[in-house]
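Numbering (my numbering), first residue to last: 225 to 611. Written below as structure tokens is the structure these notes are about.
If you want it as structure tokens, here you go:
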């Protein structure tokens, strides 16, 4: 028996694909002894896709050829694609959402509607987007699908959205590939924070909150200048507005409070989720702008801590409970972060992490505090250089 305890029947799709000869069965058995069935199925699926011609997708009348898959989550996938015919040589990101229920279609429509209202250099623009009936798969396919991913027959749809591509990836990508507190200089960290505040100012001015600000939703692009628009030499762009909703929500009962918590559990990433979304009072007004401020504070902290939010590091003091760590509001800066980032930088981030929502700055005040910290960091650097 292989180490994963997989039965011979788990490999039947691959056996049917390769044939039932003794040589083929021996090869499958050898592979099974060193590789899990799920990994093996993925390898075969990737091989099968490489043998087929590139997929073409039409969005709002424009054709795009899929180059490669960049990521996936739940019922959504992101691909690198290029318009056909390729007149400019520009790659784009193509997001595909599989729609099985009316609620999913409503979510996709809301996300596209929200993004069409946004026009800001620090917010990811939607180039094209539409929902279509999902086409039937080809009669011959080398892709072996998991039963859990098989779509129901009839009525299935899919949504395609086209965005600019950012080859350098996200702030999280950079953070997890570099030593703790060395992914970003103080100027770069503050420059990213300032730009995200500018983007959030625009979002909140429309009466919308993002509700899922996190390092994995911050795209980065290196720029040549270190001017006021891009302090530190990075352009920072906030993406993924699938969780964006009306900024303020009135709560007048325990049932409504639980609904807020349940929605947050589905749509807001736990380590970056504000306390009031973990334990919502029964008589309150939830302010999404202050929830975004909390998430931004967690995100900037995490960029100094290897991608971990301040409360992921505090769970040891609360019996491993992230919820209790967040609700306590207690956290500590790492020693390396304290050496790298100045007092004003840490204080500006600390202000966003006030346990009480009323004590947090809005996006404008947070930006002003980060800009003051940037001046202090640059002043300290100039003094060191003179010495």
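Here a beta-carbon is modelled for each residue, glycine too, at the ideal position from N, C-alpha and C. Note that the structure is predicted; figures quoted are calculated from it, not measured.
- The distance from the Cβ of residue 472 to that of residue 511 is about 6 Å, consistent with a contact at the 8 Å cut-off.
- In the assembly as shown, residue 433 is a buried residue. Its beta-carbon has 16 or more other beta-carbons within 10 Å.
- In terms of Cα proximity to residue 294, the closest of 336, 354, 389, 345 is 389.
- Per the Cβ contact rule, the segment 478 to 490 is not in contact with the segment 528 to 535 (fewer than 3 Cβ pairs under 8 Å).
- In this structure residue 427 is in contact with residue 347, their Cβ atoms being roughly 7 Å apart against a cut-off of 8 Å.
- Pairing residue 411 with residue 251, the inter-Cα distance amounts to about 55 Å.
- Put simply, of 550, 578, 605, 555 the residue whose alpha carbon is nearest the alpha carbon of residue 564 is 605.
- Nearest in C-alpha terms to residue 557, of all of 477, 570, 447, is 570.
- DSSP links residue 383 through a beta bridge to 321, 355.
- Around the beta carbon of residue 436, 16 or more other beta carbons lie within 10 angstroms, which makes this residue buried.
- Secondary structure of residue 496 (DSSP, three-state): helix.
- With 16 or more other Cβ atoms inside 10 Å of its own Cβ, residue 526 counts as buried.
- Judged by DSSP in its simplified three-state form, residue 458 adopts strand.
- When the five nearest sequence neighbours on each side are left out, the beta carbons in the same chain lying within less than 6 Å of the beta carbon of residue 422 are those of 346, in order along the chain.
- Taking each of 505, 335, 515, 385 in turn and checking the Cα distance to residue 318, the smallest one comes out for 385.
- Spatial neighbours of residue 509 in its own chain (CB-CB distance under 8 Å, excluding positions within 5 residues in sequence) are listed in chain order as 472, 473, 474, 475.
- The beta-carbon separation of residue 328 and residue 306, rounded to 27 Å, does not stay under the 8 Å limit for a contact.
- Listed in chain order, the non-local C-beta contacts of residue 551 below 7 Å within the same chain comprise 499, 502, 503, local neighbours out to five positions each way being set aside.
- Comparing C-alpha distances from residue 514 to each of 573, 583, 324, 481 shows the shortest one belongs to 583.
- Distance from the Cα of residue 470 is smallest, within the candidate group 338, 559, 546, 581, for 338.
- Within the same chain, 437, 496 come within 6 Å of residue 519 by CB-CB distance, once the 5 residues on both sides are set aside.
- As the crow flies, the alpha-carbon of residue 478 is around 27 Å from that of residue 544.
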